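Participant:
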Amino acid sequence: MNENQLREQMAELGKSLYDRGLAHGSAGNISVKLADGYLLTPTNSCLGRLDPARISRLDGNGKLLSGDAPSKEAFLHLGMYQERANSAAVVHLHCLHAVAVSCLDGLNADDVFPPITAYAVMQVGKLALVPYFAPGDTALAEAVRKLAGKHHAVLLANHGPVVAGTSLSSAVYAIEELEQTARLMLLLQSHSARLLTVEQIAELNRRFPG
Ligand SMILES: [Zn+2]
16 MNENQLREQM AELGKSLYDR GLAHGSAGNI SVKLADGYLL TPTNSCLGRL DPARISRLDG
76 NGKLLSGDAP SKEAFLHLGM YQERANSAAV VHLHCLHAVA VSCLDGLNAD DVFPPITAYA
136 VMQVGKLALV PYFAPGDTAL AEAVRKLAGK HHAVLLANHG PVVAGTSLSS AVYAIEELEQ
196 TARLMLLLQS HSARLLTVEQ IAELNRRFPG
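Position one of the sequence shown corresponds to residue 16 (this note's numbering), numbered consecutively onward.
(1) Whose CA, out of S182, G175, Y53, A135, lies closest to the CA of S81?
(2) If you drop the 5 nearest sequence neighbours on each side, which residues of the same chain put their C-beta closer than 8 Å to that of L93?
(3) Helix or strand or just coil, what does DSSP make of R22?
(4) Should N44 go down as buried or exposed, given a rule of 16 or more other Cβ atoms within 10 Å for buried?
(5) Spatial neighbours of F148 within its chain, please: CB distance less than 6 Å, with the 5 preceding and 5 following residues excluded, ordered by chain position.
(6) Count the other CB atoms, across all protein chains shown, that sit within 10 Å of the CB of E192; report buried if there are 16 or more and exposed otherwise.
(7) Write down the C-beta distance between G175 and C110 rounded to the nearest angstrom, noting that I regard them as a contact closer than 8 Å.
(8) Starting from G175, trace the alpha helix (DSSP H) in both directions and tell me its first and last residue.
(9) When the distance is taken between beta carbons, is S41 closer than 8 Å to N59?
(10) Within the continuous alpha helix (DSSP H) that includes N220, where are the two ends?
(11) Using three-state DSSP, classify Y147 as helix, strand or coil.
(12) Tell me, which residues are paired with D168 by DSSP?
(13) Rounded C-beta distance between A46 and V105? I'm assuming under 8 Å.
(14) Could you give the DSSP three-state label for L55: helix, strand or coil?
(15) What is the residue span of the alpha helix (DSSP H) that K161 lies within?
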């Protein structure tokens with residue numbers, strides 16, 4: 016896809032996330048990697064009403080080249096790209112059920128979700144929990160970068176998920192699966208759920224590596 020097609024796709028998928036209640040207000044941001052930099056949704060923009068022409072164009076260091084001022088959460092995206100060379104897109108949302116899970120006590124910080132479904136295991140993998148930092152605290156960038164090498168999906172405590180993918184559509188699909196899994200986890204909290212076994216997870220990892 017060329018840059019204009021990627022801009023159109025960001026607006027189209029942003030609207031899709033917004034229309035289905037996965038993004039609200041000006042929360043959430045989307046980026047894609049270009050050969051010489053990044054496209055990122057502007058600060059205070061609504062994912063449901065992105066203007067492709069005004070999307071922020073950044074150089075390889077995250078400096079604004081054209082378009083509106085970038086999201087203040089740009090560092091979340093840059094940290095993912097710096098540690099994951101094959102990532103082509105990053106999506107960050109404040110989607111309801113994932114945020115609810117991010118506020119729970121007693122989570123396993125290396126692997127937040129219990130193995131509920133095969134799709135959660137395949138698309139989300141081991142979801143890492145990033146400790147809470149106030150919005151704009153640059154220590155959050157460092158905390159994300161530390162985990163990004165091993166996890167393509169991380170959950171910011173009391174905040175929301177950040178997911179990298181090899182394309183924008185795959186990053187969006189994975190964060191949708193993450194939100195769905197968070198919802199299932201909450202629905203099953205007061206039930207005795209039958210989880211996938213260690214052998215079943217190993218089989219999934221064999222059949223669907225990476
Ligand atoms: Zn956020």
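We treat Cβ as the ideally placed atom computed from N, Cα and C, and that holds for glycine. Being a predicted model, the structure only gives us computed values, none of them experimental.
Facilitator: So, from the listed chains and residues:
(1) With respect to the C-alpha of S81, the residue from S182, G175, Y53, A135 having the closest C-alpha is Y53.
(2) Same-chain partners within the cutoff: Y53, G77, A156.
(3) Looking at R22 - three-state DSSP - the assignment turns out to be helix.
(4) N44 comes out buried.
(5) Excluding sequence positions up to five before and after F148, its CB lies within less than 6 Å of the CB of A154, L155, all in the same chain and listed in chain order.
(6) E192 comes out buried.
(7) Going by Cβ atoms, the distance from G175 to C110 rounds to 7 Å, so yes, they are a contact pair.
(8) Per DSSP, G175 belongs to no alpha helix (DSSP H); it is in the beta strand (DSSP E), 175-180.
(9) Taking a C-beta distance under 8 Å as the contact criterion, N59 and S41 qualify as a contact pair.
(10) Unbroken alpha helix (DSSP H) run through N220: 213-222.
(11) In the structure shown, Y147 sits in coil (DSSP, three-state: anything other than H, G, I, E or B).
(12) Checking the sequence shown, residue 168 turns out to be Ala, not Asp. For A168, which the question treats as bridged, DSSP gives the partners V178.
(13) The displayed chain sequence assigns Ser, not Ala, to residue 46. Contact flag correct, Cβ pair sits at about 5 Å.
(14) The answer is strand: DSSP assigns L55 an E or B state.
(15) From DSSP, the alpha helix (DSSP H) with K161 extends over 154-163.
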